[in-house]
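>
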Amino acid sequence: MTLIKWTDKQKEGLALLSSDAQHVMLLGGSRSGKTWLLCHTVFLRAMKYPNTRHAIIRQTQTAARRSLWMGTVQDVIASRYSKVALKINKTEMTVTFPNGSMVEILGVDEGAKEKMLGNEYTTIYFNECSEMMFSTVSFMYSRLAQKSAAKNKFFYDQNPPHVSHWSHPMFVQGLNYYTKEPHKNPADYVYLVMNPADNLQNISDNYIQQLMENMNDQQKQRFIFGQFTTDPDEKTVFTNWHIKSFETDTDAVFQFGCDFGFSVDPTVLIRCYLKERTLYIDHELYLKQCETVDLPKMFLSVPESQRYVIVADSSRPETISHMRRHGFPKMMPSLKGKNSVMEGIEFLKGYKIIVHPRCENIINELSFYSYATDKDSGKILPEIAKGQEDHGIDALRYSIEATKNLNLREVKPVSLFKSSSGW
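Numbering that gives the first Met the number 0 puts the first residue of the sequence shown at 0, with every later residue one more than the last.
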């Protein structure tokens, strides 16, 4: 979309982006000019402040290249920056300005988060942040640290998802996502709703009409009227859970599940317990790049983990053996089979699930976990979409295997013993 003339709503958005607020969200329906305006603003900041660095981030590298680099970014350059002597690196997806400033287009998969750890930025813009878990976004917060004449800022945009998404409490409710307490400086968190009706002069005449005729009510609410939805998305796997602070029952019989990882994928330990038809999740442990020799010590941070059976990923028998020899004698391999994933998911869907707010990683996974869709028809398929963050969900599936497969309601604790060899 080549923007020829600013609309009144885009002028309002530009004023908000140049305000003193550190976190600015543009949300609303499709084709409202949000992404164009934000990319343009990032370029403006790069031109104004010499030797500064700016990141425009998408969930995946593929989407970053296809939708941002080959789409909006090139459109912005052609429309507003064609006379600027830019150095464009198509391979690295970077734009360098004559004053030494650089804009990078990044996806947060394929190790990009680790790459960003070595850089400091003046602007970080999360494009289509409805696709991102808060753990991904908050990971980047420490990178907004470059010293310059500019005020460092985070920008966000999205078509509003479900109200359970982290962006709703953060911007609409004005709450800290973790504590659910009001922001200490609410003026730092501002948002503007921008819808296609605000951008009529830059879209085709029948665009909104086509959407109205071919979308269901939930899709219209999100993509035309730019409103957060209250009904679960049709692709959402888990709709039977909510976040709630609770005191763990004193007579709880715990069930533990573990999924092993190391570099890209974390090692995860989940603690939960059943009470009637409710599954309570009260502790989690997510570890990245944790050596096997250090796992026993780290697992001790989850209360009672030595005393109960831990059902662990059976693809790592050597790690299970190590854990059994170093303080966790009741760790046992999971029972995997042809349909074990879907069977475990369907079993979990049969319970009401309550998650303690401190378990933020499993909260993120449950929020985003979705079914696959057919790339041609868009129809929802009876299978789980690939490439999702699901290590906590895998651990959760393992934790309830005894109940699912053996119809057991209790997992008895074992007596503690002293390891013969230490960690």
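Think of the CB as a built atom: it goes at the ideal place given N, C-alpha and C, for glycine as much as any other residue.
Only a predicted model underlies this, so the values are computations on that prediction, with no experimental measurement involved.
In chain order, what are the residue ranges of uninterrupted alpha helix (DSSP H) at least 4 long that sit wholly in the region 180-267?
206-213, 216-222
> Rounding to the nearest angstrom, what Cα-Cα distance links Lys274 and Arg306 in this structure?
Looking up residue 274 in the sequence shown gives position 275. Looking up residue 306 in the sequence shown gives position 307. Cα to Cα, Lys274 sits roughly 19 Å from Arg306.
> So if DSSP puts Thr93 in a beta bridge, which residue, or which two residues, is it bridged to?
In the sequence shown, counting from the first residue as 1, residue 93 sits at position 94. Residue pairing of Thr93 in beta bridges, as defined by DSSP: Asn88, Glu103.
> Would you tell me roughly how many angstroms separate the C-alpha atoms of Leu37 and Lys47, rounded to the nearest one?
Stepping through the sequence shown from its first residue, residue 37 is reached at position 38. Stepping through the sequence shown from its first residue, residue 47 is reached at position 48. Cα to Cα, Leu37 sits roughly 15 Å from Lys47.
> Can you look up Ser414 in the DSSP assignment and give me helix, strand or coil?
Position 415 of the sequence shown, counting from 1, holds the residue named residue 414. Legend: pLDDT at Ser414 = 45, less than 50; position of this residue unreliable, no value from coordinates given.
> Figure out for me which residue from Leu199, Thr93, Asn175 has the closest Cα to the Cα of Lys183.
Reading the sequence shown from its first residue, position 184 is the one you call residue 183. The option with the nearest alpha carbon to Lys183 is Asn175.
> For Tyr206, tell me which candidate among Asp389, Asp216, Phe222, Pro328 has the shortest Cα-Cα distance.
Numbered from 1 along the sequence shown, position 207 holds the residue referred to as residue 206. Here the closest residue by C-alpha is Phe222.
> Under 8 Å by Cβ, that's how I've got Phe442 and Pro295 pegged, so tell me the actual separation to the nearest angstrom.
Shown here, the chain extends from 0 to 422; a query on residue 442 therefore has no answer.
> To the nearest angstrom, how far is the alpha carbon of Glu212 from that of Arg315?
Locating residue 212 in the sequence shown gives position 213, counting from the first residue. Locating residue 315 in the sequence shown gives position 316, counting from the first residue. Cα to Cα, the separation comes out at about 52 Å.
> Could you check where the beta strand (DSSP E) with Lys152 kicks off and where it finishes?
Your numbering for residue 152 matches position 153 in the sequence shown. Where Lys152 is concerned, the enclosing beta strand (DSSP E) stretches over 152-157.
> So Gly336 packs on Arg396, CB below 8 Å; how close in whole Å?
As a working mapping, residue 336 is identified with position 337 in the sequence shown. As a working mapping, residue 396 is identified with position 397 in the sequence shown. Gly336 to Arg396, Cβ: 12 Å. No contact.
> According to DSSP, is Thr372 helix, strand or coil?
Numbered from 1 along the sequence shown, position 373 holds the residue referred to as residue 372. Looking at Thr372 - three-state DSSP - the assignment turns out to be strand.
> Are Asn106 and Asn50 touching if we call contact CB-CB under 8 Å?
Residue mapping note: residue 106 aligns to position 107 of the sequence shown, counting from 1. Residue mapping note: residue 50 aligns to position 51 of the sequence shown, counting from 1. Per the sequence shown, the amino acid found at residue 106 is Gly instead of Asn. Going by C-beta atoms, Gly106 is not nearer than 8 Å to Asn50.
> Applying the 10 Å Cβ sphere with the 16-neighbour rule, what's the burial state of Gly386?
Start at 1 with the first residue of the sequence shown, and residue 386 comes out as number 387. Exposed, since its Cβ has fewer than 16 Cβ neighbours within 10 Å.
> Going by C-alpha distance, which of Asn360, Val308, Leu278, Asn239 is nearest Lys287?
Within the sequence shown, residue 287 is the residue found at index 288, counting from 1. If we check each option's Cα against that of Lys287, Asn360 comes out closest.
> By Cβ distance below 6 Å, which residues in the same chain neighbour Ser366 in space, the five residues on each side in sequence not counted?
Looking up residue 366 in the sequence shown gives position 367. Ser163, listed in sequence order.
> If you compare alpha carbons, which of Met139, Ala63, Met322 is closest to Ile309?
Against the sequence shown, residue 309 aligns to sequence position 310. Ranking the options by Cα distance to Ile309, first place goes to Met322.
> Please report the residue range of the beta strand (DSSP E) in which Phe125 lies.
Your numbering for residue 125 matches position 126 in the sequence shown. For Phe125, the enclosing beta strand (DSSP E) has its first and last residue at 122-125.
> Given a cut-off of 8 Å, decide if His161 and Thr228 are closer than it, judged by their beta-carbon atoms.
The residue you call residue 228 lines up with position 229 of the sequence shown. The residue you call residue 161 lines up with position 162 of the sequence shown. Yes, these two residues count as a Cβ contact at 8 Å.
> Buried or exposed for His53, going by 16 or more other Cβ atoms inside 10 Å?
Position 54 of the sequence shown, counted from the first residue, corresponds to residue 53. That one is buried.
> At which residues does the alpha helix (DSSP H) containing Met139 begin and terminate?
Here residue 139 is taken as the residue at index 140 of the sequence shown, counted from 1. Unbroken alpha helix (DSSP H) run through Met139: 133-140.
> Would you mind sorting Tyr140 into buried or exposed? The rule is 16 or more other CB atoms within 10 Å of its CB.
Along the sequence shown, one-based indexing puts residue 140 at 141. The residue in question, Tyr140, is exposed, as its Cβ has fewer than 16 Cβ neighbours within 10 Å.
> Please return the same chain residues whose Cβ sits closer than 7 Å to the Cβ of Thr121, not counting the five positions on each side in sequence.
Stepping through the sequence shown from its first residue, residue 121 is reached at position 122. Excluding residues within five positions, the ones whose Cβ falls inside 7 Å are Arg44, Tyr48, Thr51, Arg52, His53, Gln145, Ser147, Ala149, Asn151.
> Give a yes or no on whether the C-beta atoms belonging to Tyr124 and Phe154 are separated by under 8 Å.
By one-based count along the sequence shown, residue 124 stands at place 125. By one-based count along the sequence shown, residue 154 stands at place 155. It is a contact, given that the beta carbons lie within the stated cut-off.
> Note down the Cα distance separating Asn406 from Tyr272, rounded to an integer number of angstroms.
The residue labelled residue 406 in the question sits at position 407 within the sequence shown. The residue labelled residue 272 in the question sits at position 273 within the sequence shown. Any answer about Asn406 is weak, because its pLDDT of 49 lies below 50 and its placement is not dependable; what the coordinates show is given next. Whole-angstrom Cα-Cα distance: 14 Å.
> Just to confirm the assignment, what range does the alpha helix (DSSP H) spanning Ile399 have?
As a first step, residue 399 is located in the sequence shown; it is residue number 400 there, counting from the start. Per DSSP, Ile399 belongs to no alpha helix (DSSP H) and is neither H nor E.
> Can you tell me the Cβ-Cβ gap for Glu303 and Phe245, rounded? I've got them flagged as a contact below 8 Å.
By 1-based counting over the sequence shown, the position of residue 303 is 304. By 1-based counting over the sequence shown, the position of residue 245 is 246. About 17 Å; that fails the 8 Å criterion.
> Taking 7 Å as the cut-off, is the CB of Arg270 close to at least one heavy atom of the ligand PLP?
With respect to the ligand PLP, the structure shown offers nothing to examine, as it has no ligands at all.
> Could you check the C-alpha separation between Val192 and Thr235 for me, to the nearest Å?
What you label residue 192 is simply residue 193 of the sequence shown in a count that begins at 1. What you label residue 235 is simply residue 236 of the sequence shown in a count that begins at 1. A straight line joining the alpha-carbon of Val192 with that of Thr235 spans about 25 Å.
> Beta carbon of Phe424, beta carbon of Lys348: below 8 Å?
Residue 424 lies beyond the range of the chain shown here (0 to 422); nothing can be said about it.
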